[in-house]
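Colleague:
Numbering (this note's numbering), first residue to last: 254 to 646.
#1: Within this structure, are the beta carbons of residue 538 and residue 459 separated by less than 7 angstroms?
#2: Residue 267 bridges to which residues according to DSSP?
#3: According to DSSP, is residue 625 part of a helix, a strand, or is it coil?
#4: Rounded to the nearest angstrom, what separates residue 457 and residue 541 at their Cα positions?
#5: From residue 627 to residue 532, what distance separates their C-alpha atoms?
#6: Please report how far the alpha carbon of residue 310 lies from the alpha carbon of residue 519, in whole angstroms.
#7: Mind checking residue 649: buried by the 16 CB within 10 Å criterion, or exposed?
#8: Looking at the structure shown, is residue 513 part of a helix, part of a strand, or coil, going by DSSP?
#9: If contact is defined by three or more beta carbon pairs under 8 angstroms, each pair taking one atom from either stretch, is the region 436-456 in contact with the region 475-485?
#10: Going by DSSP, name the residue or residues bridged to residue 598.
#11: Determine contact between the region 466-481 and the region 491-506, defined as no fewer than three beta-carbon pairs at a distance below 8 angstroms.
#12: Would DSSP call residue 272 helix, strand or coil?
#13: By Cβ distance, which residues of its chain are closer than 6 angstroms to residue 361, with the 5 residues on each side in sequence left out?
#14: Taking the continuous alpha helix (DSSP H) assigned at residue 291, which residues delimit it?
#15: Alpha carbon to alpha carbon, what distance is there between residue 384 and residue 270?
#16: Determine, using beta-carbon pairs with one atom in the region 421-434 and one in the region 609-626, whether at least three such pairs fall under 8 angstroms.
#17: Using a threshold of 7 angstroms, state whether the C-beta atoms of residue 347 and residue 265 are closer than that.
#18: Would a C-beta distance cut-off of 7 angstroms place residue 525 and residue 543 closer than the cut-off?
#19: Are the region 552-571 and the region 425-437 in contact at 8 angstroms, needing three or more beta carbon pairs?
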């Protein structure tokens with residue numbers, strides 16, 4: 254590694270921020286506009302525009318992109334000619350660095366860059382901080398050798414993630430197979446308003462909390478992101494200050510069905526089933542707990558699945574109200590009006606048993622994906638942390 258040199262990100266690549274498109278620029282025709290959610294996977298839909306913008310904002314397959322606001326990440330674009338929105342850098346390597354080496358290098362720097370983020374609501378890295386980041390750069394032949402090793406590890410990660418994704422798609426398919434479309438109700442199940450199949454809807458509490466997650470023995474309040482993506486994420490919480498007393502009645506328990514009453518139009522009404530409930534975590538004000546009425550014979554697993562099914566999404570989103578400048582909200586009263594098919598409880602229990610078996614497979618796939626990712630991270634740390642002779646220089 255004696256030929257490795259110290260340099261900065263700004264000296265080996267050009268970082269071009271995207272164009273500040275306005276909502277009135279969006280349309281159904283023209284070139285696609287790449288937004289952060291199109292890179293992170295939270296939205297596949299691409300807005301389009303006929304607006305003419307300078308060449309530096311054009312992107313094509315193979316271009317390296319880095320999202321630097323809200324969600325930090327590095328990506329290689331593969332969806333054809335498009336235009337770059339603000340808050341994303343198009344990264345153009347100099348002749349000193351291979352594109353794929355730069356991809357892994359940037360990926361390895363994300364944790365360090367997160368320590369330099371600014372802003373309390375929209376965390377971001379400034380271009381100045383980005384370009385001044387010091388890195389170690391090997392000669393081109395060594396870069397290519399490292400890329401071969403990392404590509405192999407990364408391909409294993411992708412395969413594991415794909416297997417994990419396929420496992421996650423089985424449960425929605427199983428639901429439709431057993432019960433049919435819950436909106437069209439082709440099996441003719443009895444329909445009941447949601448309010449009739451619930452014992453109650455618990456609301457949460459959103460006091461001013463600390464900036465770190467609660468430890469196992471501490472009390473915390475869930476963040477919206479604990480439920481937003483359809484899986485319960487207990488790590489997404491904030492510690493309750495010592496000056497406030499916890500509210501045990503809104504503590505989260507195994508088997509709870511959680512529902513986000515407030516979020517963006519795209520994400521409002523997400524539902525999650527609590528499979529594990531570590532620590533002492535409480536519901537936030539933006540999250541409902543839906544408690545099924547056992548005398549009506551509605552199981553929590555079925556309630557979670559029916560509300561989280563794709564056919565039900567438009568119905569739930571249509572319940573949200575709110576001014577244009579505020580996040581849409583779903584009231585308890587409106588939520589209770591949703592018609593819910595009520596199949597025999599024996600079928601619901603059989604569904605729950607099958608879901609448990611599938612979840613066990615998912616957990617195994619997740620562990621394998623995490624192991625593969627840890628291996629890749631260890632390799633990147635080996636190659637991208639400063640070599641000993643340079644660190645001592």
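Even glycine gets a Cβ: it sits at the ideal position worked out from N, Cα and C. Since the structure is predicted, the reported quantities are computational estimates derived from the model, not experimental observations.
Modeller: Put simply:
#1: Sequence index remark: in the chain shown, residue 538 carries index 285 (1-based). Sequence index remark: in the chain shown, residue 459 carries index 206 (1-based). Cβ distance < 7 angstroms, so residue 538 and residue 459 count as in contact.
#2: Taking the first residue of the chain shown as position 1, residue 267 is located at position 14. Note: residue 267 sits in a beta bridge opposite 345.
#3: Here residue 625 refers to the residue found at position 372 of the chain shown. If DSSP states are grouped into helix, strand and coil, residue 625 belongs with the helices.
#4: Position 204 of the chain shown, counting from 1, holds the residue named residue 457. Position 288 of the chain shown, counting from 1, holds the residue named residue 541. Approximately 7 angstroms between the Cα atoms of the pair.
#5: As a first step, residue 627 is located in the chain shown; it is residue number 374 there, counting from the start. As a first step, residue 532 is located in the chain shown; it is residue number 279 there, counting from the start. Using only the alpha carbons, I get a separation of about 25 angstroms.
#6: Along the chain shown, read from residue 1 onward, the residue named residue 310 stands at position 57. Along the chain shown, read from residue 1 onward, the residue named residue 519 stands at position 266. Going by the C-alpha atoms only, they are around 27 angstroms apart.
#7: The requested residue 649 is not part of the displayed model; the chain covers only 254 to 646.
#8: As a working note, residue 513 is residue 260 in the chain shown. Note: residue 513 maps to strand in three-state DSSP.
#9: no
#10: Taking the chain shown and counting its residues from 1, the one referred to as residue 598 is at position 345. In DSSP, residue 598 forms no bridge with anything.
#11: yes
#12: Looking up residue 272 in the chain shown gives position 19. Three-state result, residue 272: strand.
#13: The residue you call residue 361 lines up with position 108 of the chain shown. 633 and 637, listed in sequence order.
#14: The count along the chain shown starts at 1 and reaches residue 291 at position 38. Residues 289-293.
#15: Along the chain shown, one-based indexing puts residue 270 at 17. Along the chain shown, one-based indexing puts residue 384 at 131. Roughly 13 angstroms between the two C-alpha positions.
#16: yes
#17: For this step, residue 347 is matched to residue 94 along the chain shown. For this step, residue 265 is matched to residue 12 along the chain shown. Yes, the pair counts as a contact, with Cβ atoms nearer than the cut-off.
#18: Indexing the chain shown from 1 puts residue 525 at position 272. Indexing the chain shown from 1 puts residue 543 at position 290. In this structure, residue 543 does not lie closer than 7 angstroms to residue 525 by Cβ.
#19: yes
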